[in-house]
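Sequential numbering of the sequence shown, starting at 0, is according to numbering that gives the first Met the number 0.
Using N, Cα and C, we set each Cβ at its ideal position, and we do this for glycine too.
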Amino acid sequence: MTERELVDLYIKFFQSKGHKNITGASIIPENDSTILFTPAGMQPLVPYLLGEKHPQGDRLVDVQKCIRTGDIEEVGDATHLTFFRMLGNWSLGGYFKKEAIQWSWEFLTGKQWLGFNPEKISVTVFAGEGDIPADEEAAKIWLEVGVPEERIYSFGMKDNWWGPTGATGPCGPDTEMFFDTGKEPCGDLCKPGCSCGKYFEVWNDVFMEYRKTETGTYEPLAQKNVDTGMGVERTVAMLGGCSTVYEIGVFVPLSKRIRELAGTTETTKSEKVISDHIRSATHILGDDQGVTPSNVDQGYVLRRLIRLTIRHGMKLNIPKGFLGELSSIVIEAEGQEYPELIRNKALILDELEREEKLFGETLIAGMKQFNKMLPNLLKNPNKVIAGRLAFKLYDTFGFPVELTADLAAENGMTIDIDGYNKAFEKHRELSKKGADKKFKGGLADNSEMVTKLHTVTHLLHAALRKVLGDSVQQKGSNITAERLRFDFLFGEKMTDEQKKQVEELVNKAINDKVSVEVQEMSPDQAERLGALGFFKDKYGDVVKVYTIGEYSIEICGGPHVENTSELGRFRIASEKSSSRGVRRIKAVID
Ligand code: SER
């Protein structure tokens with residue numbers, strides 16, 4: 000089965016159970032500052048899991064592109080990928096455990112669906128932890144559908160709890176489904192969830208009935224939801240009897256070309272890392288909300304992915320300048336499904352080339368620095384380079400520690416790698432503290448301030464178009480409890496006069512105390528009404544349209560305030576370039 004066939008089958012199955020097929024969202028979260036990338040299908044649906052009404056109803060199905068870099072070190076094993084697609088069916092306060100589990104079972108084992116041998120399937124359920132009781136209901140339903148007791152395992156929060164993706168947000172117990180590959184168990188403790196390769200996780204049904212609060216407690220949600228996730232690449236690999244995810248889809252031509260470039264017929268971990276990272280980098284650059292390499296946030300993750308690709312290319316002795324060619328293979332293979340890759344191809348290739356050049360310069364600068372340090376280093380009788388020095392090379396010059404290790408070895412030395420890791424960890428903790436601070440709040444926890452700033456964002460968007468013209472288009476939006484950030488297409492720096500006019504227009508809408516109205520309609524009707532909305536290929540057959548008096552009309556999922564009188568005084572805090580042709584405004588309400 001191909002990836003496309005699996006996606007189609009899944010969607011068809013859930014449509015037959017009354018689900019509406021919605022289009023997946025961007026991999027760069029919109030309006031949500033709690034995370035850098037969309038890590039799961041549930042992320043774009045957070046407002047609806049928290050009670051906002053979805054225009055397509057309470058039963059949804061989709062396939063969502065995701066990025067997870069938390070496990071980046073694992074990439075290259077059988078199952079880990081930093082970019083992958085996740086199938087999901089959703090109940091927003093509608094059906095709950097019984098239907099979710101019955102349908103999962105039917106889809107997995109039904110002859111006209113995936114047709115897995117039921118005897119090969121094991122499941123896990125939540126065992127209870129802290130104040131939250133065991134999920135006896137899920138276990139009972141599994142027994143009823145026919146899974147024998149010995150194949151129903153119970154685990155605590157570490158294994159059978161999902162979410163929230165940020166510090167706060169919707170979460171709950173889950174039940175996971177595993178396929179037994181028939182391999183010998185790795186020991187007495189081998190059970191579903193073990194990483195030895197015997198059990199392959201296929202699907203996760205999350206019963207989102209809690210919300211984690213700012214104080215770390217779990218409070219019941221007003222609405223009980225179902226969030227399920229099935230990894231497309233993993234499942235297709237498993238259905239095809241492959242031993243790793245690198246044997247399917249785009250990975251086939253990618254691996255082939257990488258081996259040719261490296262002049263080898265052997266498959267290596269580097270080859271897999273390159274395949275995975277170039278695919279992720281292509282999708283991050285190619286997303287319509289896409290970002291470019293930088294030293295902060297998403298741009299930093301992207302930079303790291305690209306530089307790791309180059310490093311592994313060096314390991315395989317691949318001549319430089321290979322990123323564009325491999326990226327083109329990804330665009331070719333996945334562009335039909337993700338047309339944004341084709342639309343943004345020139346930008347993707349351009350940025351990859353630029354980053355490769357920059358990294359080359361970094362390496363030269365790092366090498367120079369190393370050579371400067373060398374005479375002193377050689378004086379050390381132990382021939383060990385201190386961890387903090389290796390870290391300094393990395394932190395100040397972006398010089399990767401593996402390269403320092405290579406250079407050290409060439410000069411008969413080693414690195415104190417423990418010391419390096421310690422310095423690295425310390426730095427990470429400090430920046431994590433900074434990041435936690437930065438990411439507090441956000442649309443994901445629906446805080447009042449975020450909702451206000453979301454409404455202000457609509458007013459700002461409309462005001463910018465009035466002052467700067469209709470070529471202004473939203474490129475990205477990110478809101479924290481402290482400020483809004485709005486990226487838009489516009490080629491020049493705004494003048495002080497233009498900024499003043501925009502502020503005045505937004506403040507006029509606020510002073511006029513206008514009510515914010517929401518209506519549901521077809522995307523065509525919304526367009527006829529002049530509603531702003533630039534992701535046309537992404538809408539379903541019903542959309543929500545928010546109107547703020549004469550000031551703004553825009554397609555949007557919400558939430559928003561009811562009246563502009565709830566907002567404070569609007570002020571632009573900064574206006575600068577964010578990438579070529581894109582300006583970034585940060586603004587606050589006082
Ligand atoms: N949110 C869950 C996961 O990512 C199910 O979709 O596994």
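Take residue i as the anchor and find which of the options has the nearest alpha-carbon.
| i | options | result |
| --- | --- | --- |
| residue 6 | 64, 134 and 28 | 64 |
| residue 395 | 369, 447, 587 and 543 | 369 |
| residue 400 | 479, 409, 136 and 420 | 420 |
| residue 221 | 232, 207, 233 and 227 | 207 |
| residue 542 | 551, 549, 548 and 517 | 517 |
| residue 179 | 117, 171, 227 and 129 | 117 |
| residue 168 | 136, 128 and 214 | 214 |
| residue 228 | 62, 410 and 499 | 62 |
| residue 366 | 272, 284, 403 and 343 | 403 |
| residue 312 | 342, 453, 343 and 267 | 267 |
| residue 196 | 244, 513 and 170 | 244 |
| residue 305 | 523, 343, 274 and 521 | 274 |
| residue 93 | 110, 299, 12 and 226 | 226 |
| residue 343 | 255, 290, 156 and 47 | 290 |
| residue 12 | 52, 83, 585 and 58 | 58 |
Would you decide whether residue i is buried or exposed? Buried here means 16 or more other CB atoms lie within 10 Å of its CB.
| i | result |
| --- | --- |
| residue 264 | exposed |
| residue 107 | buried |
| residue 555 | buried |
| residue 18 | buried |
| residue 504 | buried |
| residue 573 | exposed |
| residue 194 | exposed |
| residue 40 | buried |
| residue 295 | exposed |
| residue 460 | buried |
| residue 470 | exposed |
| residue 232 | buried |
| residue 392 | buried |
| residue 335 | exposed |
| residue 78 | buried |
| residue 132 | exposed |
| residue 425 | exposed |
| residue 353 | exposed |
| residue 283 | buried |
| residue 1 | exposed |
| residue 528 | exposed |
Tell me whether residue i, by its Cβ, gets closer than 6 Å to a heavy atom of the ligand SER.
| i | result |
| --- | --- |
| residue 39 | yes |
| residue 205 | yes |
| residue 87 | yes |
| residue 323 | no |
| residue 31 | no |
| residue 61 | no |
| residue 548 | no |
| residue 165 | no |
| residue 405 | no |
| residue 192 | no |
| residue 230 | no |
| residue 591 | Since the first residue shown for the chain is 0 and the last is 589, residue 591 is missing from the structure and cannot be characterised. |
| residue 226 | yes |
To the nearest whole angstrom, what separates the beta carbons of residue i and residue j, a pair I think is in contact under 8 Å?
| i | j | result |
| --- | --- | --- |
| residue 204 | residue 100 | 6 Å |
| residue 412 | residue 388 | Between residue 388 and residue 412 the Cβ distance is about 11 Å, and since that is not below 8 Å, they are no contact. |
| residue 44 | residue 89 | 6 Å |
| residue 54 | residue 553 | That belief does not hold up - the Cβ atoms of residue 54 and residue 553 are roughly 14 Å apart, past 8 Å. |
| residue 501 | residue 545 | Rounded, the Cβ-Cβ distance is 19 Å, inconsistent with contact. |
| residue 376 | residue 325 | In fact, because the Cβ distance is near 36 Å, the residues do not count as touching under 8 Å. |
| residue 308 | residue 345 | With a Cβ gap of about 20 Å, residue 308 and residue 345 do not count as contacting. |
| residue 317 | residue 261 | 5 Å |
Excluding the 5 residues flanking residue i on each side, which residues of the same chain have their C-beta closer than 7 Å to its C-beta?
| i | result |
| --- | --- |
| residue 10 | 20 and 60 |
| residue 451 | 560, 565, 566 and 588 |
| residue 234 | 5 and 201 |
| residue 390 | 419, 422 and 423 |
| residue 333 | 249 and 340 |
| residue 218 | 209, 210 and 212 |
| residue 415 | 383, 384, 385 and 386 |
| residue 458 | 505, 508, 547, 550 and 551 |
| residue 444 | Reliability of the predicted coordinates at residue 444 is poor, the pLDDT of 47 falling under 50, and the value obtained from them is presented with this limitation in mind. Excluding sequence neighbours, residue 444 sits near 167 and 168. |
Residues in the same chain with beta-carbon distance under 6 Å from residue i, minus the five sequence neighbours each way, listed in chain order, please.
| i | result |
| --- | --- |
| residue 486 | 474, 475, 577, 581 and 583 |
| residue 238 | 0 |
Excluding five sequence neighbours on each side, which residues of the same chain lie with their C-beta closer than 8 Å to the C-beta of residue i?
| i | result |
| --- | --- |
| residue 438 | With a pLDDT of 39 at residue 438, under the threshold of 50, the predicted position of this residue should be treated as unreliable, though the coordinate-derived value follows. Around residue 438: 32, 33, 34, 165, 166 and 479. |
| residue 568 | 506, 509, 588 and 589 |
| residue 159 | 123, 124, 125, 126, 134, 153, 172, 173, 174 and 175 |
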